[in-house]
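**Q** I'd like to ask you about the structure that follows.
Protein chains: 2
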Amino acid sequence: MEKDSRSRLLEAAIPLFAEKGFNAVSIRELSEKAGANSALISYYFGNKEGLYTAVLDFQFSRITTAVSNSHSLSPIERIRYYGKNAILIHQQCPHLMRYIQREVANPSVGFETVVSRHIASAYHFLHAAIANGIETGDFRSDLDPDYAALSLAGIINFYFMTKPLVSTFLPPAKNLDHAYIMQALEIYLNGVINK
Amino acid sequence: MEKDSRSRLLEAAIPLFAEKGFNAVSIRELSEKAGANSALISYYFGNKEGLYTAVLDFQFSRITTAVSNSHSLSPIERIRYYGKNAILIHQQCPHLMRYIQREVANPSVGFETVVSRHIASAYHFLHAAIANGIETGDFRSDLDPDYAALSLAGIINFYFMTKPLVSTFLPPAKNLDHAYIMQALEIYLNGVINK
DNA sequence: GTCTATATTGCGATAGAC
DNA sequence: GTCTATCGCAATATAGAC
Numbered sequence: 005m006e007k008d009s010r011s012r013l014l015e016a017a018i019p020l021f022a023e024k025g026f027n028a029v030s031i032r033e034l035s036e037k038a039g040a041n042s043a044l045i046s047y048y049f050g051n052k053e054g055l056y057t058a059v060l061d062f063q064f065s066r067i068t069t070a071v072s073n074s075h076s077l078s079p080i081e082r083i084r085y086y087g088k089n090a091i092l093i094h095q096q097c098p099h100l101m102r103y104i105q106r107e108v109a110n111p112s113v114g115f116e117t118v119v120s121r122h123i124a125s126a127y128h129f130l131h132a133a134i135a136n137g138i139e140t141g142d143f144r145s146d147l148d149p150d151y152a153a154l155s156l157a158g159i160i161n162f163y164f165m166t167k168p169l170v171s172t173f174l175p176p177a178k179n180l181d182h183a184y185i186m187q188a189l190e191i192y193l194n195g196v197i198n199k
Numbered sequence: 005m006e007k008d009s010r011s012r013l014l015e016a017a018i019p020l021f022a023e024k025g026f027n028a029v030s031i032r033e034l035s036e037k038a039g040a041n042s043a044l045i046s047y048y049f050g051n052k053e054g055l056y057t058a059v060l061d062f063q064f065s066r067i068t069t070a071v072s073n074s075h076s077l078s079p080i081e082r083i084r085y086y087g088k089n090a091i092l093i094h095q096q097c098p099h100l101m102r103y104i105q106r107e108v109a110n111p112s113v114g115f116e117t118v119v120s121r122h123i124a125s126a127y128h129f130l131h132a133a134i135a136n137g138i139e140t141g142d143f144r145s146d147l148d149p150d151y152a153a154l155s156l157a158g159i160i161n162f163y164f165m166t167k168p169l170v171s172t173f174l175p176p177a178k179n180l181d182h183a184y185i186m187q188a189l190e191i192y193l194n195g196v197i198n199k
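Sequence lines, in order, name chains X and C.
The opening position of the first sequence corresponds to residue 5 in the numbering used here, with each subsequent residue numbered one higher.
The opening position of the second sequence corresponds to residue 5 in the numbering used here, with each subsequent residue numbered one higher.
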């Protein structure tokens with residue numbers, strides 16, 4: 005059973021905008037791939053930009069749901085949880101990282117209302133985990149929770165951001181994501197844990 | 005004394021392409037800002053794409069020169085050198101990071117010939133520093149130099165990539181770049197040094 | 001809700017004068 | 001080396017039939 009035109013347009017837009025960017029995708033190409041008429045973009049989303057914002061909304065909501073429901077974990081467990089979850093998210097939403105990159109490099113109209121909020125919720129998750137770890141004495145007391153949170157975000161997310169490029173000069177591995185994240189978490193945790 | 009039209013076009017293009025992306029900049033806007041005629045873009049660079057590639061070439065060459073002439077440094081010193089240098093590069097070339105992001109998210113025709121090579125040279129610098137540190141016993145022997153190099157690149161560069169966004173929820177500091185990089189290097193070095 | 005047809009605008013590129 | 005003028009094309013958006 006085929007979905008309705010609105011859904012088909014939205015789903016066709018996800019990989020197209022991700023791979024080519026907003027300007028490089030025409031509503032003709034979009035509607036053709038969706039098997040719908042190009043006039044329906046204006047009908048359902050107002051205009052091309054409205055469709056893009058709808059895609060953003062759909063993609064970024066995945067981030068906030070990912071860092072929810074992880075209370076009752078220890079600081080160290082929450083760090084590991086973040087790393088494992090990153091692998092999962094980018095497997096399930098293979099286009100999300102492109103949208104993050106595009107929005108950071110060149111914010112669209114939906115940046116403030118959707119992008120910024122979801123990124124902030126991920127950041128606050130990390131910040132809380134580290135601040136908590138400093139309190140409990142698990143982590144070094146000379147850490148700044150803001151910088152340490154950003155360091156962790158960097159060591160994990162830079163890999164996914166640059167994966168298309170970086171995997172060309174990385175030795176092949178059967179499970180590259182897992183191998184990298186395990187090593188990265190090891191380095192990071194070793195760097196922040198109180199000894 | 006004003007520069008020639010070719011130089012003015014090239015220099016006007018750098019911030020424009022960086023901020024808006026290739027497609028969102030018209031040759032009319034470009035030539036207007038450069039104080040030159042739009043027909044000169046074809047005359048000097050073949051077409052708009054040729055101008056973009058010339059800009060890429062100019063921007064990315066900064067990376068390779070940055071990691072040259074740093075022999076005779078110890079592994080740990082080379083790690084710190086990389087961090088300090090990153091601050092310097094992004095101060096001197098404030099648009100470079102945008103080009104890196106754009107090229108990673110959406111490679112242009114100049115990707116293989118210019119982008120890929122310069123990024124690789126930075127990567128090899130880090131890889132060599134870490135492999136050397138493992139040999140000398142400065143760094144832990146269970147490190148994989150590939151993953152460890154990428155971890156360092158991530159902890160440093162993610163900050164610069166996301167700075168426009170992330171500095172909105174980071175507490176203000178008199179020298180944010182320096183403060184972050186010092187903390188990040190501390191975490192990283194603590195994580196890789198043999199104890 | 002979906003279609004065709006079209007209005008309108010702006011683009012990149014170039015021919016040819018100077 | 002620089003300019004004007006313009007060609008040809010592709011883009012988004014919409015009016016109006018069904």
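The C-beta atom is built at its ideal place from N, Cα and C for all residues, glycine as well.
(1) Compare the Cα-Cα distances from A135 (chain X) to each of X:A124, X:A188, X:A152 and X:R12 and report the closest residue.
(2) Would the stretch 78-93 of chain C count as touching the stretch 168-188 of chain C if we require 3 or more Cβ pairs under 8 Å?
(3) In three-state DSSP terms, what is F143 (chain C)?
(4) Could you give the first and the last residue of the continuous alpha helix (DSSP H) run that contains D150 (chain C)?
(5) Which partner residues does I197 (chain C) have in the DSSP bridge list?
(6) Taking 8 Å as the threshold (C-beta atoms), are Y163 (chain C) and G195 (chain X) in contact?
(7) Tell me whether the stretch 111-128 of chain C and the stretch 43-61 of chain C touch, counting them as touching only if at least three CB pairs, one residue from each stretch, are closer than 8 Å.
(8) Sorted by chain position, which residues of the same chain lie with C-beta nearer than 7 Å to R12 (chain C)'s C-beta, five sequence neighbours on each side aside?
(9) Which one of X:P79, X:H131, X:F129 and X:I67 has the shortest CA to CA distance from Q95 (chain X)?
(10) Can you pull the chain X neighbours of D150 (chain C), defined as C-beta to C-beta under 7 Å?
(11) Would you kindly check if the distance between the Cβ of H99 (chain C) and the Cβ of A22 (chain C) is under 8 Å?
(12) Count the other CB atoms, across all protein chains shown, that sit within 10 Å of the CB of T166 (chain C); report buried if there are 16 or more and exposed otherwise.
(13) Whose C-alpha, out of C:R106, C:E139 and C:S155, is nearest the C-alpha of N27 (chain C)?
(14) For T117 (chain C) and D61 (chain C), what's the separation of their Cα atoms in angstroms?
(15) Kindly say whether L169 (chain C), judged by its beta-carbon, lies nearer than 8 Å to any beta-carbon of chain X.
(16) Tell me the residue span of the alpha helix (DSSP H) that contains N89 (chain X).
(17) Leaving out five residues before and five after E15 (chain X) in sequence, what residues of the same chain have Cβ atoms less than 8 Å from its Cβ?
(18) Could you give the residue range of the alpha helix (DSSP H) that holds F62 (chain X)?
(19) Near I93 (chain X), what residues of its chain come up, given a Cβ to Cβ distance below 8 Å and the 5 sequence neighbours on each side ignored?
(20) Tell me whether H131 (chain C) is buried or exposed, calling it buried when 16 or more other Cβ atoms sit within 10 Å of its Cβ.
(21) So which residues of chain C does I159 (chain X) contact, with C-beta pairs closer than 7 Å?
(22) For chain X, is any of its Cβ atoms less than 8 Å away from the one on R106 (chain C)?
(23) For D142 (chain X), which residues in the same chain have their Cβ closer than 8 Å to its Cβ, ignoring the five residues on either side in sequence?
(24) Measure the beta-carbon distance from L34 (chain C) to A58 (chain C) and round it to whole angstroms, keeping in mind my assumption that it falls under 8 Å.
(25) I want to verify the contact list: residues of chain X whose CB lies under 7 Å from the CB of V196 (chain C), in sequence order.
(26) By a C-beta neighbour count over all protein chains shown, 10 Å radius and 16 as the cutoff for buried, is N73 (chain X) buried or exposed?
(27) Spatial neighbours of I31 (chain C) within its chain, please: CB distance less than 6 Å, with the 5 preceding and 5 following residues excluded, ordered by chain position.
(28) Buried or exposed for N201 (chain X), please, with buried defined as at least 16 other CB atoms from any protein chain shown within 10 angstroms of its CB.
(29) Just tell me which of X:I91, X:Y127, X:R10 and X:L156 has its CA closest to the CA of H182 (chain X).
(30) What are the residues in the stretch 111-125 of chain X lying within 9 Å of chain C by C-beta distance?
(31) State the Cα-Cα distance for the pair F173 (chain C) and Y127 (chain X), rounded to the nearest angstrom.
(32) For P149 (chain C) versus I159 (chain C), is the C-beta spacing smaller than 8 Å?
(33) By Cβ distance below 6 Å, which residues in the same chain neighbour S76 (chain C) in space, the five residues on each side in sequence not counted?
(34) What would DSSP say about S112 (chain X), mapped onto helix, strand or coil?
(35) Which residues in the same chain as S125 (chain X) place their Cβ atom closer than 8 Å to its Cβ, once the five residues preceding and following it in sequence are excluded?
**A** Looking at the coordinates:
(1) That would be X:A152, whose Cα lies nearest to the Cα of A135 (chain X).
(2) The answer is yes - the stretch 168-188 of chain C touches the stretch 78-93 of chain C, with three or more Cβ pairs under 8 Å.
(3) When secondary structure is reduced to three states using DSSP, F143 (chain C) falls in the strand class.
(4) Unbroken alpha helix (DSSP H) run through D150 (chain C): P149 to V170.
(5) I197 (chain C) is bridged by DSSP to C:F143.
(6) In terms of Cβ geometry, G195 (chain X) and Y163 (chain C) do not form a close pair [threshold 8 Å].
(7) Yes, since at least three Cβ pairs between the stretch 111-128 of chain C and the stretch 43-61 of chain C fall closer than 8 Å, the two stretches touch.
(8) If you ignore the 5 residues before and after R12 (chain C), its C-beta comes within less than 7 Å of the C-beta of A38, G39 and A40, all in its own chain and listed in chain order.
(9) Cα-wise, what sits closest to Q95 (chain X) is X:I67.
(10) Against chain X, a Cβ distance below 7 Å from D150 (chain C) picks out L174 and P175.
(11) The Cβ-Cβ distance between A22 (chain C) and H99 (chain C) falls below 8 Å.
(12) When all chains shown are included, T166 (chain C) counts as buried.
(13) Nearest C-alpha to N27 (chain C) among C:R106, C:E139 and C:S155: C:R106.
(14) Rounded to whole angstroms, T117 (chain C) and D61 (chain C) show a C-alpha spacing of 9 Å.
(15) Answer yes: the Cβ-Cβ gap between L169 (chain C) and chain X drops below 8 Å somewhere.
(16) Segment P79 to Q96, the alpha helix (DSSP H) holding N89 (chain X).
(17) Apart from the 5 residues on each side of it in sequence, E15 (chain X) sits with its Cβ closer than 8 Å to the Cβ of K7 and A38 in its chain, given in chain order.
(18) Membership of F62 (chain X) in the alpha helix (DSSP H) is indicated by the continuous run K52 to A70.
(19) Residues of the same chain with a CB within less than 8 Å of the CB of I93 (chain X), apart from the 5 flanking positions on each side, are R66, I67, A70 and L100 in chain order.
(20) Buried, by the Cβ-count rule.
(21) Going along chain C in sequence order, the residues near I159 (chain X) (Cβ under 7 Å) are S155, G158 and I159.
(22) Taking Cβ atoms only, chain X reaches closer than 8 Å to R106 (chain C), which makes this a yes.
(23) Excluding positions up to five away in sequence, the list reads S78, P79, I80, I197 and N198.
(24) The pair is not a contact, with the Cβ atoms about 12 Å apart (cut-off 8 Å).
(25) Listed along the chain, the chain X residues whose CB falls inside 7 Å of the CB of V196 (chain C) are I191.
(26) Taking a 10 Å sphere around the C-beta of N73 (chain X), we find fewer than 16 other C-beta atoms and assign the residue as exposed.
(27) Correct list, in chain order: S42, I45 and K52.
(28) Because chain X in this structure spans residues 5 to 199, residue 201 (chain X) falls outside the shown range and cannot be described.
(29) Of the candidates X:I91, X:Y127, X:R10 and X:L156, the residue whose Cα lies closest to the Cα of H182 (chain X) is X:I91.
(30) Cβ contacts with chain C come from P111, F115, V119, S120, I123 and A124.
(31) For F173 (chain C) and Y127 (chain X), the distance between alpha carbons rounds to 9 Å.
(32) 8 Å or more divides the Cβ of P149 (chain C) from the Cβ of I159 (chain C).
(33) Nothing listed; no residue qualifies.
(34) Under the three-state reduction of DSSP, S112 (chain X) is assigned to coil, being neither helix nor strand.
(35) The beta carbon of S125 (chain X) lies closer than 8 Å to those of I67, T68 and V71 in the same chain, with the five residues before and after it left out.
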